[in-house]
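Q: In my numbering, the protein residues as written are 646 to 856.
Input: one structure, supplied below.
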Ligand code: BEZ
């Protein structure tokens, strides 16, 4: 199945290292990150799952729950967790789905046969409180992800969901944002009383509103 931005995130119920989980119930009214890795007991994956455990408080600050998935069984994940904890000096603190039958991988198109017939690629899906897909990115097995970047994107998604702004290249929380072109100067005067800096008529920077 192909999942695109704005689509409903496919719901599922799956066995995980924290018992049976239904995705929508797990996410509740908040945001979610569903991310896949190719295999247990592999080096890059070991660093990635530890990085996410370390950043869990940052995800929680953003009302965002994380859940990992690969096609290995839960029993394998459970054995691997002690390596993740030892190597990264963290306690695992979020569930890993055992997706041996590829239910989740197929729903989210996480197996790319020209990369690998059997293993999930490094997919990331950010899911909004409305259960729509807000972000989708895919990395190859050889490249570990930068999860600070995922947090940065969540900051942007949450801000732009509530205000008529967009975020420029390399934006970080607290930096100036762009008034979207659909907002006229008239409307902008009301919405952004502190004004803006127009680099071009279509490129108006303003202070970041409170999310
Ligand atoms: C890794 O996590 O290190 C990895 C997994 C599959 C292929 C290559 C690297």
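For every residue, glycine included, the Cβ atom is placed at its ideal position computed from N, Cα and C.
1) Within 8 Å, do at least three Cβ pairs link the stretch 728 to 736 to the stretch 658 to 676?
2) Does the beta carbon of residue 760 fall short of 7 Å from some heavy atom of ligand 1?
3) In the DSSP assignment, what are the bridge partners of residue 789?
4) Go to residue 706, then tell me how far its beta strand (DSSP E) extends in each direction, as first and last residue.
5) Is DSSP giving residue 654 helix, strand or coil here?
6) At a threshold of 7 Å, does residue 696 count as lining ligand 1 (C-beta to nearest heavy atom)?
7) Residue 782 to residue 839, Cα distance in whole Å?
8) DSSP state of residue 733, grouped into three classes?
9) Quick one: what's got a C-beta closer than 7 Å to residue 807's C-beta in the same chain, skipping five residues either side?
10) Using the three-state DSSP reduction, which class does residue 784 fall into: helix, strand or coil?
A: Short version:
1) no
2) Within the chain shown, the letter at position 115 stands for residue 760. Every heavy atom of ligand 1 is 7 Å or more from the Cβ of residue 760, so no.
3) The residue given as residue 789 occupies position 144 in the chain shown. Looking at the DSSP assignment, residue 789 forms no beta bridge with any residue, so it has no partner.
4) The sequence position of residue 706 within the chain shown is 61, counting from 1. Not the beta strand (DSSP E): residue 706 falls in the alpha helix (DSSP H), residues 701 to 706.
5) Here residue 654 refers to the residue found at position 9 when the chain shown is read from its first residue. Coil at residue 654, not helix or strand.
6) The count along the chain shown starts at 1 and reaches residue 696 at position 51. Incorrect: residue 696 has no Cβ contact closer than 7 Å to ligand 1.
7) To locate residue 782, count along the chain shown from 1; it is residue 137. To locate residue 839, count along the chain shown from 1; it is residue 194. Their Cα atoms are separated by approximately 35 Å.
8) Counting from one through the chain shown, the residue named residue 733 turns up at place 88. Looking at residue 733 - three-state DSSP - the assignment turns out to be helix.
9) Indexing the chain shown from 1 puts residue 807 at position 162. Excluding positions up to five away in sequence, the list reads 856.
10) On the chain shown, residue 784 is found 139 positions in, with the first residue counted as 1. Three-state result, residue 784: strand.
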